[in-house]
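In our numbering, the protein residues as written are 712 to 1049.
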């Protein structure tokens, strides 16, 4: 049994990760501030499932609350910290930038400081495919330059990677950053396209289709994301002895620091994505075509060679299967199957 701290425990990925590790009999401390960025009832429903486990303890805490974070670290001996708490969403960052600075920057430095002073053996933290920004080199590789983000959300995620690298370099804190690619599945976020489209199709309301449905996304099923994280937990990064400061590789370091993409390695066109939802719901969508939104990128596509090499895993769930499982969950949770 290991003792883990998981922040964002009531969130989409955090909930699934907690459940997987609790089922494997690990001891989990979960943190979440249960903010109202989206339906708090959904967060409570996830949390109620986790609270049924004897090996789970929950704290309602914001990462910006340094004293509360430090107190939790000092009263526990965490072997691994997995930071999934963040203010999410590209478009919302255009409206409420300070939420991203407070949660993603101030909150993350509090986690880094607590890990530093409490000698955490491995910090794993969520980054995002959005960090690739204006980069059009496809597929996106962790060895690519990411100096041109196009949303504040992406900039905060790149900042997290830089901050974690500093702590790895200065304080020998082993840190692994995970760039997630469009995660979807049961218990997913209501602000994501799959949730929005499914609900609107059921209710006969129009869906907003940006860029005429020509955007490509590397949709990655939640179980594949969790499997990747679980396999990386024992893969504590070490300094790369071949790292060359004259030709610096962004994906590794002379410090105990690594970055991985976790994506399906198989982009799907938005128009096809909508077709599959229609098939699973059994009803056609009413489509409202709109231009590309500020902060969005036309395509995402993950190069996962490093993940495959280091932990022998490649996400594999077909989009048809994953959307089918989401729609079945959605119908049951919201009573559309009655």
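Where is the CB? At the ideal position from N, CA and C, for every residue including glycine.
- The C-beta separation of residue 744 from residue 762 comes to about 17 Å, leaving the pair out of contact by the 8 Å criterion.
- Judged by DSSP in its simplified three-state form, residue 900 adopts coil rather than helix or strand.
- For the 8 Å CB-CB criterion, residue 797 and residue 837 form a contact.
- Rounded to whole angstroms, residue 889 and residue 782 show a C-alpha spacing of 26 Å.
- With respect to the 8 Å criterion, residue 933 and residue 835 are not classified as neighbours on the basis of their beta carbons.
- It is roughly 16 Å from the alpha-carbon of residue 1039 to the alpha-carbon of residue 914.
- Apart from sequence neighbours up to five positions away, no residue of its chain approaches residue 883 with a beta-carbon distance below 6 Å.
- Scanning its chain for C-beta atoms nearer than 8 Å, with the 5 sequence neighbours on each side dropped, one finds around residue 925 the residues 980, 981, 982 and 1009, in chain order.
- In this chain, the beta strand (DSSP E) harbouring residue 970 covers 968-973.
- Nearest to residue 788 by C-alpha distance, out of 827, 778 and 751, is 827.
- A contact is defined here as three or more CB-CB pairs under 8 Å, and the segment 964-977 meets this definition with respect to the segment 936-953.
- When the beta-carbon positions are compared, residue 1037 and residue 895 come within less than 8 Å of each other.
- When secondary structure is reduced to three states using DSSP, residue 921 falls in the strand class.
- With 16 or more neighbouring CB atoms inside 10 Å of its own CB, residue 885 falls in the buried class.
- The alpha-carbon of residue 764 is positioned some 18 Å away from that of residue 898.
- Secondary structure of residue 928 (DSSP, three-state): strand.
- For the options 804, 773, 778 and 768, the alpha carbon positioned closest to that of residue 1005 is the one of 804.
- Taking 8 Å as the cut-off, the Cβ atoms of residue 739 and residue 717 count as close.
- Measuring C-alpha to C-alpha distances from residue 821 to each of 793, 990, 959 and 775 identifies 775 as the nearest.
- Note on residue 792: 16 or more other CB atoms within 10 angstroms of its CB, so buried under the neighbour-count rule.
- Rounded to whole angstroms, the Cβ separation of residue 727 and residue 1030 is 18 Å, and the two are not in contact under 8 Å.
- Ranking 1002, 779 and 1048 by CA distance to the CA of residue 921 puts 1002 first.
- Secondary structure remark: continuous beta strand (DSSP E) runs of at least 3 residues inside the segment 831-857, in chain order: 833-839.
- In the DSSP assignment, residue 1035 falls within the unbroken alpha helix (DSSP H) covering 1030-1045.
- Looking at 877, 985, 1012 and 887, the one whose alpha-carbon comes closest to that of residue 999 is 985.
- Contact check for residue 927 against residue 1011 passes: the beta carbons are separated by less than 8 Å.
- A straight line joining the alpha-carbon of residue 832 with that of residue 750 spans about 34 Å.
- Only exposed fits residue 957, as fewer than 16 other CB atoms lie within 10 angstroms of its CB.
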